[in-house]
Amino acid sequence: MAAPRFCPQCGAGDLAHQVPPGDTHERLMCRGCGYIHYVNPKIIAGCIIERDGRYLLCQRAIPPRPGTWTLPAGFMESGETTEQAALREVWEESGVRAEIISPYSIFSVPKISEVYIIFRAIALEITDQYGPETLDYRFFAPDEIPWDCIYYPAIRQILERYIEERQAGVYGLYVGNDDTGKVHFIR
């Protein structure tokens, strides 16, 4: 997302990169009124939804990478909790009403300023009415998952680990980042 060129506060001042007094980071500041424009990461919330040993995946209808598969997830809206955002995205992308069981993974992608928060969830209602961002949705058995067509490597890692843990009956909470390419376990 492109940063604004003019101040959203006064509309007249040019925004320039500088460190505000008492701050530690360079920010966009208005040369006229002193307004500070913060550019913060976007939060993507979603769920791993399991039903009878099968996992819900959605086939993307929109860029980037239409036709690939992913967990139902999307951008959090202002005024939502992460749980509300995850359940809304599941509903919009799959027509599935779900219930969150617990948090499962937090994954940071600093290069594009995004943070993924993935929850464990179960399906309560399946309506077969998914939204326009989805070409198809399916519940896959682990051996049926189109692993080579998973949209994002971190999603694949998270799903693979989840399936291993389900078989063992023990779940962890994981954090990771795109810088290392690994997901780390937290107790």
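Just so you know, we're using my numbering here: the sequence shown kicks off at 568 and counts up by one.
The C-beta atom is built at its ideal place from N, Cα and C for all residues, glycine as well.
When beta bridges are read from the DSSP output, Pro670 appears opposite Phe686.
A distance below 6 Å between beta-carbons, with the five flanking residues on each side excluded, links Glu732 to the following residues of its chain, in chain order: Tyr738. For the pair of segments examined, the segment 587–599 was found not to touch the segment 618–633: the number of CB pairs separated by less than 8 Å stays below three. Counting only the Cα atoms, Ser661 lies some 6 Å from Tyr704.
Looking at Gly578, Arg632, Tyr605 and Gln576, the one whose alpha-carbon comes closest to that of Gln585 is Tyr605. Sorting Lys609, Gly578, Cys574 and Tyr697 by C-alpha distance to the C-alpha of Met643 places Lys609 at the top.
Each residue's CA atom was taken as its position, placing Ile722 and Gln696 some 24 Å apart.
Taking Ser669 as the centre and dropping the five residues before and after it, the same chain places the C-beta of Arg687 closer than 6 Å to its C-beta, in chain order.
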